[in-house]
Structures are given as C-alpha cells and as structure tokens.
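FYI, the numbering for the sequence shown is 17 to 682, going by this note's numbering.
All C-beta atoms in this analysis are idealised placements derived from N, C-alpha and C, irrespective of residue type, glycine included.
Just so you know, these numbers come straight off a predicted model, no measurement behind them.
Right, one structure below, let's go through it.
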Amino acid sequence: MTDARFILSQYDNMTTEPPPSSIVTWIEARRVLPSDSPIPGYYRFNRTPYQKEICENLNPYSPIRETIVLKSRKVGMTTAVDGAIGFWIGAWPSSIIYCTATESLAKQWATENILHVIESCGLNDRLIAPFSNARNKRNAVTTKRIEFIGGNLSIISSGSTDARRAKNCRVLVLDETDGLPEMTTTGEGSFIEILRGHQMAWGARRKFCAFSSPTTLESSAIWRLYSAYDERKFLIPCPVCGRDIELVDADDEANHGLKADTQAGKIIDVYYLCPHCGDVFHNKDKTIFFSDNPHCKKDPHKKLEPAHWEPTKKTDDPYSRSYSINSLYSPIGAMTWTDMFKAKVKARSEGGDGLRSYVNLYLGLPFKDTGQRPKVDRVIELRGEYKSGEVPKGVVFLVAAVDVQKGSEKDPDNPPRLELEILGICPGRISYSIFYKRIEGAIDDPYGGAWEKFTDWASEGGLTYTRADGLPLRVQIIGIDSGYLPDVVYRFCEAGRDILPVKGFGQKSMAAGKDEKGDLPGGYKRYRASKIGSSEIRLLEINTWHYKDHVYNRLKIERQPGDVQKNGFCGFPRDYGDEYFLMLCGEEKRTDGSFHPIRERVEALDCRVYNEALADFFLEMQVMAWKQWYQSKKGWSLIRLKEIDTLFVLEKIRQNPRNVFSGIYK
Ligand SMILES: [Zn+2]
C-alpha cells in the first residue's frame, strides 16, 4: 500500500454521521469495563447517576466550559472522565491534554486506562501512526502522546518538561489536581494557570475539567477551584418519604446521616437516617434512589424526581460549575456504607493523619488542620519553688538567647526592644528557666539604645548567677536573633567573645549540604554553624520546626513531687506571669510539621528555641575542644577519643563549672 492510499483508507474510517449529542449515550453504547474492575460489563450511568451531568458538561454542545469536581475515592470519577476523553477521540476528534500529578501516574494512565478506553470503545482504527518514511515508523501510541484522526492526546505530569511548552488544546483534563505543584520555580505563576493558557485560542469552546481528592483547607487547589463556582450537591430522593436529601457524614448527635447499630462492640447494621421522615434506608437501596424512575415506600405511585445536582451558591459565571461528591455515593459493588462506617471508626481511633485521610479520601473534603500545641494551664503548673534569678541545684551550665523585636516607637505596648531568656541546663536534658527580661529601646544602633542597656546590664553582673550550692555560674554562650537586623546584630556580636548571631529556618531550608551529615530523619539538620562571608563571625542557623517540636514535646512532661525530675523536664520560676506561658505556647503545630503563631507575641518561644539549639551547639563544641585537648596533650587514640561525648562533657562541667573551653564559637 502506498502512503497516499494508506492515508485515504484512514479517512475512510472517519465517521460521516453528525457527532452524537450525548456523551452519556455514546459511552453507554460502547464502553465495556474489564472483568477485573469492580463493576465489569457495559458501562451504565444508573449505577453512578452523579456522573451524567459532569460528563455532559464536557459535551461540545454544552455551553459549560469549566467543570470542577471535589471528590472522594470510589466514586468512579476517573473512569467516567476517561470515557469522555474516549468521546473526544472517537466522536469529536480534537486536541486534548490529560495531566496528572506524577510521572508514574501519567504512565499508568497512558498504558492502562486510556488504552482500555480506546480498545473497548472500538477506536483502534482511529489511531494513526505518522511516519516520515517506510523505515522510520513511529508508533501512534506512546506513553506521552496518542495521535488519532483529527486530533491528538498529550499525557503529561507536573514533572514533565513539556507541561510549560506552548501547546494548543481544546480539552484540558486535570486529574489529582491537589498533587500538582502550586507555583513554578521560575515564577511564571501557578502550574494550573500555565496549563490553562494552552486553551486560550479556544475561547468559549474550550473544556476544562479538574477533579481530585482534596488535601488541607489551606493548601488544596481543588478546594479553591470548587469554592470559586456554584458548589453543587447531589440530592437523592429518600426511598422512604421521597424527599430530597444530600448524603453526608453528619455528627454523631445529628438527627440524620450514616449510623450504625452495634452489639458487643461489633457492627451489626449500618444505615442512613433521613432528616425529613426519621426513617432509615440501606446501601442496597441505591438501586432505588439512583434509578431513573425512583419510588418511595410512603407513596409508591408518586412520581419522584430522580437523583440530581443542585447548586448551593449563586455565581455570576453561568459557564462554570463545581461539584462535591463523597464515598456514600459509591456505586453498589464498590464501597459499601459498612466499609465507610468502619473506616470512620478506625480513623477516629487513629486520630491525626488517620482522620485526615478519612476526611480527604472518604468524605472528599479538605482537612481543616487545627494544629496542636501544649495546654497553657498544664504548662503553667511547671512553675517551681525557685524565684527568677535563682539557679536550682542540678544546673551545670547556662545559655542565653536574645530575640530582637522591631515593634513601633508609637505603640507603648509594642516598643522596639530585646527580649532575653537565660536557661540552665542539667544532665538528662532537664532545663530550668533562670531569668526572662525585656529591654526596651532603639535597636538600630549596636552601641546605643537597647543594645547599650544590654551591655551595661551584662557588665553589672547580669550574666552571672549563684547556684543553690553557692557556686557562681556564668552564661557560657549568648545567641542573638539576627533575622531582622543582621548588620546591627553582626556588629554587636563582634564585641563579645561568646556572643554569636542566630537565625531560624523552617525544616525544609535546613537540608544538609553535600559535605555535611544530616542529623535528623530525611537528611535534615538541627542547626548549622557557618562563617559569615570573610568576617570572623559565625552564624548559627537553627531548624526551628525541629526545636519547637522538641520544646513542645518536653513541655508535656509533668512535674514530679520532690527534687528529682524526669529527663527532659522543663522547670520555670514561680514568679513568671501567665503572659510568659501564653507566649511560650503561642504557636501550633500542623500535620505537615510546620508551626504557625496563633497570637502576636511569641518571643518566649523564640528565645527558648534558640536556647535549646545553643545548648546543643555549646556541648558539641566542647566535645570537639576536649577531643583536641586529649589528643594533643595525652596522645589519645581515635578509639579512646570516641569516649568523649556530650555526657562526658556534662560530667566534667558538673565536677567543676570552670571545666569549659571558652572563646571557641567563632
Ligand atoms: Zn425520608
């Protein structure tokens, strides 16, 4: 066969009838699901009636341009949209982009889903294999592109380099939208917006469909898209009273929703309680309330409106619709209400991440991350017998951290100032807050204002304290927050021997470098000390997520009666006011490990985090100095040098507080 003949024969395959008016009818006439799928055989929308309107939105005859679906698992949305893509290949050829979150999902979709659609809908003869000559044939189907008569389908992921390249497509389908990156690194704007740009030329005839399970309320892209439009809910007629209801997972106390009867802890019946009639119905009743001709028990002859979508919000955009669907609507043969109820019980017992995946994957809703923080009332009980300025017996060394607050000259409640905490460290990582001080004054001149007051206070003995047994202890190392005014802080730190600038970072910024070893899971570091440019000053960068987590975990350790406390215990002087503890517990931890302030003042927490990192840095620097000393003075072998660790150092200082190497931090 010559090339020309081949091409002509291909065009013979093209349909001559006008394009079909319904995607749903087109799919039902062709699509057969494989025997290993939950519901094998011909595709029937009366098992999943909520998919009808969504599929028809993608019909070229429909004026709807944008369709957003906020979905749970097991509602067959991928299968339905795959069928609609089949329609755009076979019945109305066009250029299509299918984009999913990862390269492996894209590959899976290309090699399994879409090939099956093409085969089961009898579209194999539409595929074309373009070639430049007889020897150099290309395949019509690759994992990145499928070419067919009249159009093509690009399969991309957020990881593919193609995504940003200019393309022209009429149909854009985004699967797993919440797995797509929020912003591009090059600052061109959001990834989704870049993809949408490829549709510009199609104006009102474009079709945009995004569907996904959501993540958290703050970060979910599908939730944002959903909230921008008319937020449709799917209403079913109650099979008892016939009135419309939305299937929801309501509170336990609610007079409606998914409920269960249990006997001796075992679930014996799971049912749905109707808010209108107070009667119950079961998962198997889906055959009634999903059917095209539903009926109800109370009035069997009454004609009921079949299950349908209803907008819950008015918008000024008639061409865009958003939908929300949960696993209670899952078709018979997929997830049952019993499965769903069991998942809920399990999620509740797990809490945290378990609850979060139940909300995302079963309810199809974003998780509202309420965050966690210590209970202030409990932490206040950690106040002990000693007064601020006194040093309890077990303390072996002192560290100090200074937080720099910009404040405002005009606001008497929030003036420019320094806030500092002196912390006493004992073996077993027990700590006692010794002193908390606020020094008001200008902070932009390292020789004046609050800095001058700080220097005066220090030279008048502010950094030396007497331990309960009479021994004087001097602050070993001082860290000053340089995040806000680095130059001023660097200059101030030049003046003192054991003063160094510190700076906080969220965990992700603290990945270990090439020649460093991460000391936390995932290759992250607790802190990093590095020289600033060519100066003699060392900057201590602190992984604040790690230290905040560390502090919050330890604030849960309760006070024991008597003098002996558990390892990790944090004690506070009896005269610290409530405001101090509100600041200390002023941030909440989210499930992703990040911390967020819930009040304006959190300086006490910042100081504590710097102090904990300073104590680690101090001990590790002492270990190094002791090793060097033993090696040079006593010629210790590498094996013996291993005996020198932080416990060794703590014991040395416990025996004599003067057993420290000073001036080694720069
Ligand atoms: Zn009812």
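Around the Cβ of residue 193, a 10 Å sphere holds 16 or more other Cβ atoms; the residue is buried. In chain order, 480 and 482 place their CB closer than 6 Å to the CB of residue 488, counting only its own chain and leaving out the 5 sequence neighbours on each side. By the criterion of a C-beta distance shorter than 7 Å, residue 514 is surrounded in its chain by 492, 493, 494, 678, 679 and 681, once the five residues flanking it on both sides are discounted.
Counting along the chain, residue 576 sits inside no alpha helix (DSSP H), nor does DSSP assign it H or E at all. Only exposed fits residue 576, as fewer than 16 other CB atoms lie within 10 angstroms of its CB.
By the criterion of a C-beta distance shorter than 8 Å, residue 592 is surrounded in its chain by 399, 404, 449 and 452, once the five residues flanking it on both sides are discounted. Boundaries of the beta strand (DSSP E) around residue 325: 324-327. With fewer than 16 other Cβ atoms inside 10 Å of its own Cβ, residue 216 counts as exposed. When DSSP states are grouped into helix, strand and coil, residue 443 belongs to the helix group. Looking at the DSSP output, residue 604 bridges to 612.
With a cutoff of 7 Å, residue 292 counts as near ligand 1, since its C-beta is closer than that to a heavy atom of the ligand.
Of 663, 211 and 357, the smallest CA-CA separation from residue 282 is found for 357.
Cα atoms of residue 352 and residue 343: separation of roughly 9 Å, rounded to the nearest angstrom.
Per DSSP, the beta-bridge partners of residue 275 are 287.
Taken in chain order, the unbroken stretches of beta strand (DSSP E) that lie wholly in the segment 386-450 and span 3 residues or more are 413-421 and 433-441.
Exclusion of the five residues before and after residue 590 leaves 399, 400, 401, 402 and 403 as the residues of its chain whose Cβ lies within less than 8 Å of its Cβ.
Remark: the C-beta of residue 254 is in contact range of ligand 1, defined as less than 7 Å to any heavy atom. Within the segment 178-257, the complete beta strand (DSSP E) segments at least 3 residues long are 187-191, 223-228 and 248-253, listed from N- to C-terminus. Per DSSP, reduced to three states, the secondary structure at residue 312 is coil, with no helix or strand assignment. Spanning the alpha carbons of residue 224 and residue 76 requires a straight line of approximately 12 Å. In this structure, ligand 1 has a non-hydrogen atom nearer than 7 Å to the beta-carbon of residue 259.
A direct Cα-to-Cα measurement between residue 244 and residue 69 gives close to 19 Å. By the Cβ neighbour-count rule, residue 163 is buried, with 16 or more other Cβ atoms within 10 Å of its own. Counting only the Cα atoms, residue 265 lies some 21 Å from residue 279. Residue 363: not part of any beta strand (DSSP E); member of the alpha helix (DSSP H) spanning 353-366, first to last residue. Remark: C-beta atoms of residue 335 and residue 84 do not approach each other more closely than 8 Å. Counting C-beta atoms within 10 angstroms of its own C-beta, residue 522 has fewer than 16 neighbours from the protein chains shown and is therefore classed as exposed. Beta-bridge partners assigned by DSSP to residue 337: 83.
Distance check between residue 364 and each of 458, 564, 114 and 268 places 268 closest, using alpha-carbon atoms only.
Put simply, the segment 593-607 touches the segment 562-582. At least three CB pairs are less than 8 Å apart. If you check the C-beta of residue 295 against ligand 1, you find a heavy atom less than 7 Å away. Setting aside the 5 residues that flank it on each side, residue 622 is surrounded in the same chain by 419, each with a C-beta closer than 6 Å to its C-beta; the list follows chain order. Taken through DSSP and simplified to helix, strand or coil, residue 168 comes out as strand.
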